[in-house]
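Which chain is which? The protein sequence lines are F and D, in order. Heads up: the first sequence begins at 1 in full-length UniProt numbering, then just goes up one per residue. Heads up: the second sequence begins at 1 in full-length UniProt numbering, then just goes up one per residue. Have a look at the structure below, then the notes.
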Amino acid sequence: MPLSTQSQADDEQYVLIASLDNARHLSNILKAITFKDHAIFTATPNGLKVTVEDSKCLQANAFIQAEIFQEYTIKEDLGFQINLTVLLDCLNIFGGSTVPGVSTALRMCYRGYGYPLTLFLEEAGVVTVCKINTQEPDEPIDFEFCSNNVTNKVILQSESLKDAFSELDMTSEVLQITMSPSQPYFRLSTFGNSGNAHYDYSKDSDMMELFRCTKTQTNKYKMSLLKPSTKALALSCKVSVRTDSRGFLSLQYLVRNDDGQICFVEYYCCPNEEVEED
Amino acid sequence: MHCVVTGGNVKVLAKAVHSLSRIGDDLYVEPQEDGLALRSVNSSRSAYACFLFAPLFFSRYSVPNDHTFRCKMAIKSVQAVFRSLATLEKTVEKCHIELDEQKDRLTFTLHCKHSLLKTHNLSFQDSESLQAVFDKDSCANIFRAQPRLLVDTVVHFPSSLEEVTVSVSDERMWVRNHVEEGAEQSRAMLTELCLASDEFDHFSVKNHNSITFCLKELRGLLVFAESTGLPVSMYFDEPGSPVVLSVTDSVLEGNFVLATLSEDPSLRKNNSKGAHTLPPPPPDDFMNDDIDSYLIAMDTSVAPGPSTAGPPTPPLADSTCSKQSAVATHRTRTHREEDEEAEEDETDDSDRPPNKKFRSLFFGLVLPPSSQISTQPVMSQEVLASDSENETQAE
Numbered sequence: 001m002p003l004s005t006q007s008q009a010d011d012e013q014y015v016l017i018a019s020l021d022n023a024r025h026l027s028n029i030l031k032a033i034t035f036k037d038h039a040i041f042t043a044t045p046n047g048l049k050v051t052v053e054d055s056k057c058l059q060a061n062a063f064i065q066a067e068i069f070q071e072y073t074i075k076e077d078l079g080f081q082i083n084l085t086v087l088l089d090c091l092n093i094f095g096g097s098t099v100p101g102v103s104t105a106l107r108m109c110y111r112g113y114g115y116p117l118t119l120f121l122e123e124a125g126v127v128t129v130c131k132i133n134t135q136e137p138d139e140p141i142d143f144e145f146c147s148n149n150v151t152n153k154v155i156l157q158s159e160s161l162k163d164a165f166s167e168l169d170m171t172s173e174v175l176q177i178t179m180s181p182s183q184p185y186f187r188l189s190t191f192g193n194s195g196n197a198h199y200d201y202s203k204d205s206d207m208m209e210l211f212r213c214t215k216t217q218t219n220k221y222k223m224s225l226l227k228p229s230t231k232a233l234a235l236s237c238k239v240s241v242r243t244d245s246r247g248f249l250s251l252q253y254l255v256r257n258d259d260g261q262i263c264f265v266e267y268y269c270c271p272n273e274e275v276e277e278d
Numbered sequence: 001m002h003c004v005v006t007g008g009n010v011k012v013l014a015k016a017v018h019s020l021s022r023i024g025d026d027l028y029v030e031p032q033e034d035g036l037a038l039r040s041v042n043s044s045r046s047a048y049a050c051f052l053f054a055p056l057f058f059s060r061y062s063v064p065n066d067h068t069f070r071c072k073m074a075i076k077s078v079q080a081v082f083r084s085l086a087t088l089e090k091t092v093e094k095c096h097i098e099l100d101e102q103k104d105r106l107t108f109t110l111h112c113k114h115s116l117l118k119t120h121n122l123s124f125q126d127s128e129s130l131q132a133v134f135d136k137d138s139c140a141n142i143f144r145a146q147p148r149l150l151v152d153t154v155v156h157f158p159s160s161l162e163e164v165t166v167s168v169s170d171e172r173m174w175v176r177n178h179v180e181e182g183a184e185q186s187r188a189m190l191t192e193l194c195l196a197s198d199e200f201d202h203f204s205v206k207n208h209n210s211i212t213f214c215l216k217e218l219r220g221l222l223v224f225a226e227s228t229g230l231p232v233s234m235y236f237d238e239p240g241s242p243v244v245l246s247v248t249d250s251v252l253e254g255n256f257v258l259a260t261l262s263e264d265p266s267l268r269k270n271n272s273k274g275a276h277t278l279p280p281p282p283p284d285d286f287m288n289d290d291i292d293s294y295l296i297a298m299d300t301s302v303a304p305g306p307s308t309a310g311p312p313t314p315p316l317a318d319s320t321c322s323k324q325s326a327v328a329t330h331r332t333r334t335h336r337e338e339d340e341e342a343e344e345d346e347t348d349d350s351d352r353p354p355n356k357k358f359r360s361l362f363f364g365l366v367l368p369p370s371s372q373i374s375t376q377p378v379m380s381q382e383v384l385a386s387d388s389e390n391e392t393q394a395e
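Shown next as structure tokens:
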């Protein structure tokens with residue numbers, strides 16, 4: 001691979017080097033969380049985590065494990081803030097064609113605090129170097145969502161939720177999620193200009209892989225916050241929906257890339273204040 | 001009211017709704033003894049469409065016996081229920097339509113595969129009756145063709161084209177784009193297709209003439225006809241009277257009634273086969289309160305029906321059709337006066353530069369119960385509406 005012609009000496013200065021034969025394995029996942037311009041990049045020996053937040057009420061995280069990369073070398077844990085839109089534009093700099101067999105190779109390098117993120121992208125013998133400025137990372141919100149507090153959990157095949165999410169009445173300000181050990185089990189509701197709509201998933205549905213609901217809970221979330229999660233849903237094959245005792249929502253998406261490797265995207269969302277049904 | 005649609009019929013119902021959305025913004029729903037009627041009309045009242053689904057279309061059909069129920073709702077809301085036609089076909093097993101009169105809600109429940117239930121509770125408004133009256137079987141020119149023929153014909157016209165002109169002779173039908181009178185004739189592109197009578201399943205012409213009507217509304221019907229594969233029938237008499245396009249099968253009937261431009265001298269062909277002599281239509285001066293002459297011209301599009309009151313006679317002067325008296329009394333009269341409100345919407349002021357002069361359609365405010373509403377004209381009926389109700393209809 002042409003990118004490996006860089007000298008060993010150069011590599012020594014980098015705190016992080018991550019290489020992918022197909023940049024799409026990174027860009028596709030990042031598209032699932034691009035609803036804001038800026039993202040917080042965190043890297044540990046386990047892999048990369050990219051975080052995007054909205055109005056302190058919503059957080060989306062994309063996890064790309066070290067195993068996904070053909071090369072992953074890290075000297076210390078690091079974090080920076082970067083313009084996600086610019087990063088995606090660079091990853092797709094060769095136009096993102098879907099001709100089989102042709103892919104963009106990526107080598108991502110970071111020298112440390114204050115340095116830009118350097119991307120070496122290669123397709124069909126043409127190499128492009130991009131340097132994207134980094135900023136001081138903000139502290140990501142800790143939603144304090146822990147498994148012990150989870151009251152209700154379901155795992156669904158994404159296929160069935162995709163239809164519902166694409167049909168959601170966007171004139172509704174809220175998306176209401178009801179989870180219950182009894183009817184209607186798992187319900188998505190909207191309250192729009194022309195009336196309300198309910199999507200009910202039975203616990204016996206063959207789309208329902210796991211159903212663990214301990215008590216009836218109904219929570220409302222701002223539609224505008226959750227709508228971006230539709231992108232993650234579209235990429236995923238399974239989704240886990242969990243609510244905790246406070247009504248905080250966790251959506252976890254299992255995304256499989258072209259090579260069959262698995263990545264995760266998760267969304268956390270705060271509920272709206274009132275909990276009573278209309 | 002509780003109706004259940006199963007299997008492939010759900011998609012047919014959805015297609016009908018999408019088709020109606022090409023006409024107007026509101027969907028009028030009326031469950032009747034003879035089936036569920038879904039109707040729509042455009043704001044200028046120059047296009048009307050009605051789909052009647054017979055009880056056999058449904059796997060269950062029960063309507064309130066004791067009272068007539070009518071409502072209207074934004075057609076976009078109903079389209080949202082049937083949003084993705086492709087997934088409808090694959091996933092929806094049945095659709096329940098239930099009325100909750102206490103809460104003023106019409107509920108559509110889609111039972112889908114994988115035990116997924118989609119429930120839409122749509123709010124509606126009470127509505128006046130919406131009914132265009134026409135007698136298609138007595139029209140001079142009647143045609144029937146497979147939808148493919150018409151689809152292949154309209155595909156040649158750009159989607160921006162507003163109106164088409166259809167001209168007929170004994171053996172041929174010409175379809176061409178209509179160019180505005182004011183537009184520069186030499187610059188406009190003219191597209192004309194000629195269809196031979198043997199391309200049609202039925203081709204019968206009594207009047208050689210041409211009519212011009214809105215293409216967008218025709219496309220609305222073709223969307224439905226093509227997906228269901230039902231032949232499309234076309235009925236018209238002459239320019240100025242509406243053209244009726246319909247699709248029928250054993251369990252449903254769809255009728256699109258479109259106004260046509262009143263006669264354009266440059267297009268008029270001789271009525272060599274005209275069986276009746278018509279008085280020339282009056283100038284389209286609808287600002288004139290005296291509607292006698294208008295009614296005389298309209299008279300030709302309505303044939304005597306089986307009603308008890310008998311056909312109207314052309315000189316309607318004796319029914320003193322002044323606007324005020326038309327609505328205040330309970331006298332038996334024809335329904336056409338109700339059209340007054342719609343007429344005022346027309347831009348027929350002769351002081352303006354020549355522009356389109358669409359005849360509006362007829363709407364009865366009151367319908368006789370359980371009649372063959374779609375095809376038989378209502379010749380006489382009690383006018384029970386007051387002025388204020390007319391205004392509502394004109395909006």
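Note that beta-carbon positions come from the ideal geometry of N, C-alpha and C, so glycine has one too.
Option in the options with minimal Cα separation from residue i
i                     : options                   : result
residue 210 (chain D) : D:14, D:240, D:199        : D:240
residue 198 (chain F) : D:150, D:136, D:121, D:4  : D:121
residue 243 (chain D) : D:51, D:162, D:86, D:256  : D:256
residue 168 (chain D) : D:195, D:162, D:179       : D:195
residue 118 (chain D) : F:136, F:202, F:94, F:131 : F:202
residue 117 (chain F) : F:54, F:136, F:55         : F:136
residue 104 (chain D) : D:92, D:82, D:69, D:111   : D:69
residue 100 (chain F) : F:181, F:258, F:268       : F:258
residue 49 (chain D)  : D:179, D:81, D:156, D:18  : D:18
residue 43 (chain D)  : D:27, D:212, D:229, D:139 : D:27
residue 438 (chain D) : D:163, D:133, D:126       : The shown model of chain D, from 1 to 395, leaves out residue 438 (chain D), and the question about it has no answer.
residue 261 (chain D) : D:137, D:40, D:47, D:110  : D:47
Residue interval of the beta strand (DSSP E) (run including residue i)
i                     : result
residue 167 (chain F) : Not the beta strand (DSSP E): residue 167 (chain F) falls in the alpha helix (DSSP H), residues 158-167.
residue 176 (chain F) : 174-179
residue 71 (chain F)  : 71-74
residue 65 (chain F)  : 58-65
residue 73 (chain D)  : 71-74
residue 92 (chain D)  : 92-100
residue 30 (chain D)  : 26-32
Residue range of the alpha helix (DSSP H) that includes residue i
i                     : result
residue 229 (chain F) : 229-235
residue 223 (chain F) : 223-226
residue 9 (chain D)   : 8-21
residue 219 (chain D) : 215-228
residue 154 (chain D) : 147-154
Under 8 Å from the C-beta of residue i: neighbouring residues of chain D
i                     : result
residue 221 (chain F) : Those do not exist, as residue 221 (chain F) stays about 20 Å from chain D at its closest Cβ, beyond 8 Å.
Beta-carbon proximity list for residue i, same chain, < 6 Å, skipping 5 on both sides
i                     : result
residue 53 (chain D)  : 35, 36, 252
residue 209 (chain F) : 155
residue 187 (chain F) : 178, 198, 200
residue 221 (chain D) : 245, 256
residue 104 (chain F) : 23, 94, 121, 123
residue 6 (chain D)   : 59, 94
Same chain, Cβ closer than 8 Å to residue i, neighbours up to 5 away in sequence not counted
i                     : result
residue 199 (chain D) : 145, 149
residue 1 (chain D)   : 31, 62, 63, 64, 69, 97, 98, 99
residue 396 (chain D) : With chain D running from 1 to 395 in the structure shown, residue 396 (chain D) is simply not present.
Contact set between residue i and chain F, taken where Cβ atoms lie within less than 7 Å
i                     : result
residue 117 (chain D) : 200
residue 77 (chain D)  : 194, 195
residue 74 (chain D)  : 194
Cβ shell of residue i (< 7 Å), same chain only, five flanking positions each side left out
i                     : result
residue 151 (chain F) : 214, 215, 217, 243, 244, 245
residue 128 (chain F) : 93, 121
residue 224 (chain D) : 15, 16, 19, 247, 254
residue 234 (chain F) : 162
Neighbour list for residue i in chain D, Cβ cutoff strictly below 7 Å
i                     : result
residue 196 (chain F) : 121
residue 160 (chain F) : 114, 116
residue 209 (chain F) : By Cβ distance, chain D contributes nothing, its closest Cβ being about 12 Å from residue 209 (chain F), past 7 Å.
Neighbouring residues, chain F, relative to residue i (Cβ below 8 Å)
i                    : result
residue 87 (chain D) : 163
residue 84 (chain D) : 163, 166, 167
Contact list for residue i against chain D, beta-carbon separation under 9 Å
i                     : result
residue 204 (chain F) : 115
Neighbouring residues, chain F, relative to residue i (Cβ below 9 Å)
i                    : result
residue 60 (chain D) : Ordered by position in chain F, no residue passes the 9 Å Cβ test against residue 60 (chain D), which lies about 21 Å from the chain.
Cβ contact (3+ pairs, closer than 8 Å) linking the region 65-84 of chain F and the region 10-21 of chain F: Output reads yes: the region 10-21 of chain F touches the region 65-84 of chain F.
At least 3 beta-carbon pairs within less than 8 Å: the region 171-178 of chain F vs the region 190-209 of chain F: Note that the region 171-178 of chain F touches the region 190-209 of chain F; at least 3 beta-carbon pairs, one per stretch, sit closer than 8 Å.
Cβ contact check for the region 68-88 of chain D and the region 21-28 of chain D: 3 or more pairs under 8 Å: Contact between the region 68-88 of chain D and the region 21-28 of chain D is present, because at least three Cβ pairs lie under 8 Å.
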